[in-house]
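The sequence shown runs 62 to 364 under my numbering.
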Amino acid sequence: MPEGVRFRWLGVAGVEIRAQGCTLAIDPYLTRIPFRSLWFGRVRSSAELVARHLPQCDFVLLGHAHFDHILDAPALLRQTGALALGSANSCRLLSVCGVPPERIRQVNPGDRLELFDLGLPLAGERERGRGDGLRLEVYPVAPHSLPGFRPGPLAPHLRPPLRARDYRMDRVLAYLLEVGEQRLLFDLPEGRLPPGPIDVLFAPPLPGGRAQDDERLAAVLAALRPRLFVPIHWDDMWQPLAQPVRPLLAPTGKLWPPLARLDLAEFARTVRRLSPQTAVQTSVLIPERLREYDLAALLARSR
Ligand SMILES: [Zn+2]
Numbered sequence: 062m063p064e065g066v067r068f069r070w071l072g073v074a075g076v077e078i079r080a081q082g083c084t085l086a087i088d089p090y091l092t093r094i095p096f097r098s099l100w101f102g103r104v105r106s107s108a109e110l111v112a113r114h115l116p117q118c119d120f121v122l123l124g125h126a127h128f129d130h131i132l133d134a135p136a137l138l139r140q141t142g143a144l145a146l147g148s149a150n151s152c153r154l155l156s157v158c159g160v161p162p163e164r165i166r167q168v169n170p171g172d173r174l175e176l177f178d179l180g181l182p183l184a185g186e187r188e189r190g191r192g193d194g195l196r197l198e199v200y201p202v203a204p205h206s207l208p209g210f211r212p213g214p215l216a217p218h219l220r221p222p223l224r225a226r227d228y229r230m231d232r233v234l235a236y237l238l239e240v241g242e243q244r245l246l247f248d249l250p251e252g253r254l255p256p257g258p259i260d261v262l263f264a265p266p267l268p269g270g271r272a273q274d275d276e277r278l279a280a281v282l283a284a285l286r287p288r289l290f291v292p293i294h295w296d297d298m299w300q301p302l303a304q305p306v307r308p309l310l311a312p313t314g315k316l317w318p319p320l321a322r323l324d325l326a327e328f329a330r331t332v333r334r335l336s337p338q339t340a341v342q343t344s345v346l347i348p349e350r351l352r353e354y355d356l357a358a359l360l361a362r363s364r
């Protein structure tokens with residue numbers, strides 16, 4: 062019997078999935094550069110942290126090209142021989158950072174792939190392909206704009222190590238991964254959503270408490286009917302990995318205080334309140350960073 066799906070939240074938007082004898086890393090980011098590096102100097106990946114926490118990987122899926130999604134990908138690809146999938150900017154950044162072309166594959170919204178067909182880097186060394194395969198579908202996500210980090214083309218002559226702001230996003234991609242019967246969605250697509258129910262949704266917690274946000278969250282829950290919502294990208298990414306997880310400061314939508322640390326327990330309550338009363342009830346897992354979870358056990362418990 063093939064082993065079930067296991068996952069770890071790596072901090073920020075990073076998730077590791079183990080399924081069908083394969084390991085996938087989605088937006089792995091362990092280096093966690095200090096805040097000042099956002100504006101000053103060059104940024105470098107910690108190959109040591111990557112090797113320690115991600116010793117094995119077959120596929121790296123990149124949601125977009127910002128440094129907090131892609132900075133550690135070249136080290137991971139070098140150390141493991143994995144294959145990376147991402148947007149045009151993500152692919153070019155990997156190439157600029159010395160990743161050979163056969164380790165990079167550009168994907169676009171609408172693409173459907175069977176990951177086992179892409180040529181496994183270590184095929185034959187591990188027992189794989191004996192299960193139902195790993196099907197991937199790519200969806201578009203609305204790009205977000207941060208001050209100083211507007212989406213657009215990359216600068217023409219990039220030479221590593223790059224500046225944080227050289228990691229410019231073009232397309233933002235959401236990935237739907239199907240492992241046998243189980244469907245895992247990474248990030249929230251804009252426009253057409255994949256049909257529900259989704260077994261696990263890994264996405265940033267939408268700031269609740271404001272009517273328009275609640276409306277969007279309710280619409281997402283009604284369309285996707287996720288059985289499990291695992292909020293990610295809610296930790297303060299300027300804290301090094303050695304320090305405990307601290308939620309990030311987010312706008313409250315109120316006059317005072319304008320900013321507050323995200324309240325994950327409140328987010329879980331909001332999801333419960335807004336979940337449609339259907340056969341599929343959404344439960345929320347606030348993940349512990351780097352802890353491994355067994356998906357089947359979580360879903361059985363939430364039933
Ligand atoms: Zn990010």
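All residues carry an ideal CB built from backbone N, CA and C; glycine is no exception.
If we ignore side chains and look at the alpha-carbon of each, how far apart do Arg226 and Leu351 end up? Numbered from 1 along the sequence shown, position 165 holds the residue referred to as residue 226. Numbered from 1 along the sequence shown, position 290 holds the residue referred to as residue 351. Using only the alpha carbons, I get a separation of about 27 Å.
Starting from the C-beta of Ile78, find all residues in its chain whose C-beta is less than 6 Å away, skip the five residues before and the five after it, and write them out in chain order. Indexing the sequence shown from 1 puts residue 78 at position 17. Cβ neighbours of Ile78 beyond the five flanking positions: Phe68, Leu85.
Give every residue of the same chain whose Cβ lies closer than 6 Å to the Cβ of Pro348, excluding the five residues on either side of it in the sequence, and list them in chain order. Numbered from its first residue, the sequence shown carries residue 348 at position 287. Correct list, in chain order: Trp70, Val291.
DSSP three-state call for Ala149: helix, strand or coil? On the sequence shown, position 88 is the one that residue 149 refers to. Here Ala149 sits in helix by DSSP.
Tell me which residues share the same chain as Pro250 and place their Cβ nearer than 7 Å to its Cβ, disregarding the 5 neighbours each side in the sequence. The residue given as residue 250 occupies position 189 in the sequence shown. Result list for Pro250: Tyr200, Pro201, Val202, Ala235, in chain order.
Count the other CB atoms within 10 Å of the CB of Leu359; is the residue buried (16 or more) or exposed (fewer)? The sequence position of residue 359 within the sequence shown is 298, counting from 1. Leu359 comes out buried.
How about Asp296: is its Cβ closer than 7 Å to a heavy atom in ligand 1? Taking the first residue of the sequence shown as position 1, residue 296 is located at position 235. The answer is no for Asp296.
State the beta-bridge partners of Gln243 as determined by DSSP. To locate residue 243, count along the sequence shown from 1; it is residue 182. Gln243 pairs with Val240.
Range of the contiguous beta strand (DSSP E) that encloses Val76: The sequence position of residue 76 within the sequence shown is 15, counting from 1. It spans 75-80 - the beta strand (DSSP E) in which Val76 sits, taken as one unbroken run.
Quick one, which of Leu137, Leu223, Leu197, Arg229 has its alpha-carbon nearest Phe210's? Along the sequence shown, one-based indexing puts residue 210 at 149. Phe210 has its Cα closest to that of Arg229, out of Leu137, Leu223, Leu197, Arg229.
Residues in the same chain with beta-carbon distance under 6 Å from Leu325, minus the five sequence neighbours each way, listed in chain order, please. The count along the sequence shown starts at 1 and reaches residue 325 at position 264. Here the set comprises Ile347.
Alpha helix (DSSP H) runs contained entirely in the segment 74-143, provided each spans 4 or more residues: 108-114, 128-131, 134-141
With distances taken between CB atoms, is the gap from Ala108 to Gln81 smaller than 8 Å? Working through the sequence shown from its first residue, we reach residue 108 at position 47. Working through the sequence shown from its first residue, we reach residue 81 at position 20. It is not a contact, given that the beta carbons lie outside the stated cut-off.
Cutoff 7 Å; reference Leu219; Cβ partners in own chain excluding five residues on either side: Working through the sequence shown from its first residue, we reach residue 219 at position 158. Contacts found: Val157, Asp227.
Going by C-alpha to C-alpha distance, which of Arg97, Thr339, Arg105, Val160 sits closest to Pro287? Walking along the sequence shown from the start, residue 287 turns up at place 226. Comparing Cα positions, the closest option is Thr339.
Collapsed DSSP secondary structure at Glu198 in the structure displayed: Along the sequence shown, one-based indexing puts residue 198 at 137. If DSSP states are grouped into helix, strand and coil, Glu198 belongs with the strands.
Cβ neighbour criterion (16 or more within 10 Å) applied to Leu122: As a first step, residue 122 is located in the sequence shown; it is residue number 61 there, counting from the start. Flag for Leu122 reads buried.
Check each candidate in Leu278, Ala74, Lys315, Gly142 and name the one with the smallest Cα separation from Pro116. Walking along the sequence shown from the start, residue 116 turns up at place 55. Per the Cα distances, Gly142.
From Leu302 to Arg362, what does the alpha carbon distance come to, in whole angstroms? The sequence position of residue 302 within the sequence shown is 241, counting from 1. The sequence position of residue 362 within the sequence shown is 301, counting from 1. Distance between the alpha carbons of Leu302 and Arg362: 30 Å.
Go through its chain and collect everything with a Cβ distance to Leu335's Cβ below 7 Å, but skip five positions before and after it. In the sequence shown, the residue the question calls residue 335 occupies position 274. So the list reads Asp275, Leu278, Ala279, Leu282, once near-sequence residues are dropped.
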